[in-house]
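For what it's worth, our numbering labels the leading residue of the sequence shown as 54, then goes sequentially. C-beta: ideal position from N, C-alpha, C; glycine also. Given the structure is predicted, the values throughout are model-derived calculations rather than measurements. Below is one structure, written out as structure tokens; comments come after it.
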Amino acid sequence: MANAVRETPDTVASTRRTPRPRRGNLGILGERVIEVLIHLCGISAMIFVFAIFFFVFREGAPILRKLDLGRFFFTQTWYPTSLNTPRYGVGALIIGTFSVTVLAMLIAVPFGIGAAVFLSEFCGKKMKETLKITIELLAAIPSVVWGFIGLTVLNGVIQKVFNVQVGLNVLNAAILLALMSVPIMVSIGEDALKAVPDSYREAGIALGCTKWQLIWRLLLPAAKNGLLAAVLLGVGRAVGETMAVLMATGHSVNIPHSIFDSVRTLTATIAAELGETAEGSDHYRVLFLIGILLFTMTFLVNLLADFAVKGIRKK
């Protein structure tokens with residue numbers, strides 16, 4: 054204690070008055086530049102979306118003055134290259150898009166939600182990691198590769214199994230779209246099931262529920278908003294797909310009466326015809342009008358999915 058350094062008021066004051074390093078004007082300016090860049094990165098997605106919509110609307114809006122929207126939406130005559138009377142009816146294209154999407158969801162939803170339940174509630178740690186990597190690899194396969202599989206593999210399989218003349222049809226494209234939509238459903242569905250509090254599981258077990266009763270009566274109702282969001286995002290993935298449906302549907306303007314009929318979708322029409330049209334022509338404008346229709350459809354689907362996710366957060 055005798056050798057301890059005694060603190061006097063002068064030494065304490067000198068310690069408190071130790072000057073801090075001052076930031077120069079260059080440092081303050083650099084921080085402001087970084088903050089501005091961060092804000093720009095944050096709103097860049099909104100800027101890009103509005104820019105894309107503005108470009109598509111600018112190119113497609115002029116044709117609205119010449120078109121009869123009733124015939125445009127509700128007729129199935131698509132003859133854009135006719136010299137005398139070009140006709141732009143997207144009714145068959147809309148029905149073809151919805152038929153492929155609906156059948157794809159009927160296939161994908163049971164597999165996607167079932168896989169999410171299995172990964173969340175039944176799967177072991179090692180198997181879970183392996184399955185998640187495998188499912189993510191499905192999402193990494195390019196759409197043109199899926200289309201090539203439908204053209205060369207599923208085409209022959211459907212012809213042999215169902216004894217039909219053409220294997221490029223609604224069923225072919227729906228199977229491909231289902232496989233392409235499953236990864237996003239599994240990922241979001243598993244997150245929704247994980248978000249259910251453990252107290253729900255503990256209460257169900259305390260009441261004597263079996264594993265299936267726990268899942269069916271407690272977990273699925275509790276995670277219904279997240280599962281709905283997963284399904285809606287899968288729908289958006291299916292509606293916006295281009296190359297796979299272009300190669301697998303048969304690309305025929307037709308209202309399907311069965312799953313073995315060839316159809317044409319809105320996205321495939323744009324991909325197949327936009328490169329062969331003259332810039333500024335009516336055909337060119339109509340294809341951009343179809344793009345506006347697709348943009349609106351996918352925007353509404355994603356908006357519904359966002360509302361479903363917000364429902365989870367509020368709960």
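Short Cβ contact (8 Å threshold) for Ala52 with Val288: Given a span of 54 to 368 for the chain in the structure shown, any question on residue 52 remains unanswerable.
Met300, buried or exposed, once every other Cβ within 10 Å from all chains shown has been counted against 16: Start at 1 with the first residue of the sequence shown, and residue 300 comes out as number 247. The Cβ neighbour count for Met300, taken over all protein chains shown within 10 Å, is at least 16; the residue is labelled buried.
Collapsed DSSP secondary structure at Arg124 in the structure displayed: Taking the first residue of the sequence shown as position 1, residue 124 is located at position 71. Here Arg124 sits in helix by DSSP.
Contact check, Trp199 vs Met158, beta carbons under 8 Å: Position 146 of the sequence shown holds residue 199. Position 105 of the sequence shown holds residue 158. Trp199 is not a Cβ neighbour of Met158, given a cutoff of 8 Å.
Beta-carbon gap between Ile312 and Leu156 smaller than 8 Å: Residue numbering aside, residue 312 sits at position 259 when the sequence shown is read from its first letter. Residue numbering aside, residue 156 sits at position 103 when the sequence shown is read from its first letter. Yes, these two residues count as a Cβ contact at 8 Å.
Residue range of the unbroken alpha helix (DSSP H) whose run includes Gln266: Taking the sequence shown and counting its residues from 1, the one referred to as residue 266 is at position 213. From DSSP, the alpha helix (DSSP H) with Gln266 extends over 264-267.
Coarse secondary structure for Val316, derived from DSSP in three states: Position 263 of the sequence shown, counting from 1, holds the residue named residue 316. Judged by DSSP in its simplified three-state form, Val316 adopts strand.
Straight-line gap, Ala275 to Tyr253 (C-alpha atoms, nearest Å): In the sequence shown, residue 275 corresponds to position 222, counting from 1. In the sequence shown, residue 253 corresponds to position 200, counting from 1. For Ala275 and Tyr253, the distance between alpha carbons rounds to 9 Å.
DSSP state of Gly142 mapped onto helix, strand, coil: Taking the first residue of the sequence shown as 1, we reach residue 142 at position 89. Three-state result, Gly142: coil.
Neighbourhood of Ala231 by C-beta distance below 6 Å, restricted to the same chain and skipping five residues each side: Walking along the sequence shown from the start, residue 231 turns up at place 178. Ala157, Ile160, Ala161.
Ordered list of alpha helix (DSSP H) runs contained in the region 196-222, each at least 4 residues: 196-202, 208-215
Same chain only: Cβ atoms within 6 Å of Leu229, ignoring 5 sequence neighbours per side: On the sequence shown, position 176 is the one that residue 229 refers to. Result list for Leu229: Trp199, Gly203, Ala297, Ala301, in chain order.
Touch test, the region 329-349 against the region 95-110, Cβ-Cβ under 8 Å, three pairs minimum: Output reads yes: the region 95-110 touches the region 329-349.
Bridge-paired residues (DSSP) for Gly303: As a first step, residue 303 is located in the sequence shown; it is residue number 250 there, counting from the start. Partner(s): Val316.
Exposure of Val206, with buried meaning 16 or more beta-carbon neighbours within 10 Å: Indexing the sequence shown from 1 puts residue 206 at position 153. The residue is exposed, with fewer than 16 neighbouring Cβ atoms inside 10 Å.
As assigned by DSSP and simplified to three states, the class of Phe348: For the purposes of this step, residue 348 is taken as residue 295 along the sequence shown, with counting starting at 1. If DSSP states are grouped into helix, strand and coil, Phe348 belongs with the helices.
Cβ neighbours of Lys336 in the same chain (closer than 6 Å, five flanking residues each side left out): Translated into positions along the sequence shown, residue 336 becomes position 283. Before going on, a small fix: residue 336 reads as His here, not Lys. Here the set comprises Pro133, Thr330.
Residue(s) in a DSSP beta bridge with Tyr132: Position 79 of the sequence shown, counted from the first residue, corresponds to residue 132. The partner list for Tyr132 (beta bridge, DSSP) reads Arg140.
Distance CB(Ile166)-CB(Gly242) smaller than 8 Å: Start at 1 with the first residue of the sequence shown, and residue 166 comes out as number 113. Start at 1 with the first residue of the sequence shown, and residue 242 comes out as number 189. In this structure, Gly242 lies closer than 8 Å to Ile166 by Cβ.
C-beta neighbour in chain D for Asn222, strict 8 Å: Among the chains in the structure shown there is no chain D, since it carries only a single protein chain.
Residue range of the unbroken alpha helix (DSSP H) whose run includes Leu286: In the sequence shown, residue 286 corresponds to position 233, counting from 1. Per DSSP, Leu286 belongs to the alpha helix (DSSP H) from 277-292.
Lys178 in three-state terms, based on DSSP: Taking the sequence shown and counting its residues from 1, the one referred to as residue 178 is at position 125. Of the three classes helix, strand and coil, the one that applies to Lys178 here is helix, per DSSP.
Own chain residues within Cβ distance below 8 Å of Thr130, not counting five before or after: Translated into the one-based positions of the sequence shown, residue 130 becomes position 77. Arg140, Gly142, listed in sequence order.
Beta-carbon proximity list for Pro115, same chain, < 7 Å, skipping 5 on both sides: Position 62 of the sequence shown holds residue 115. Arg338, listed in sequence order.
Val306 and Val223 closer than 8 Å at C-beta: Here residue 306 corresponds to residue number 253 of the sequence shown, with the count starting at 1. Here residue 223 corresponds to residue number 170 of the sequence shown, with the count starting at 1. With respect to the 8 Å criterion, Val306 and Val223 are not classified as neighbours on the basis of their beta carbons.
Exposed unless 16 or more other CB atoms sit within 10 angstroms - verdict on Met238: Translated into the one-based positions of the sequence shown, residue 238 becomes position 185. Classification for Met238: buried.
C-beta contact flag for Ala227 and Leu285 at 8 Å: As a position in the sequence shown, residue 227 is number 174, starting the count at 1. As a position in the sequence shown, residue 285 is number 232, starting the count at 1. Against a cut-off of 8 Å, the Cβ pair of Leu285 and Ala227 comes out as no contact.
Pairwise C-alpha distance: Phe352 and Leu221: As a working note, residue 221 is residue 168 in the sequence shown. As a working note, residue 352 is residue 299 in the sequence shown. So the two alpha carbons sit approximately 29 Å from each other.
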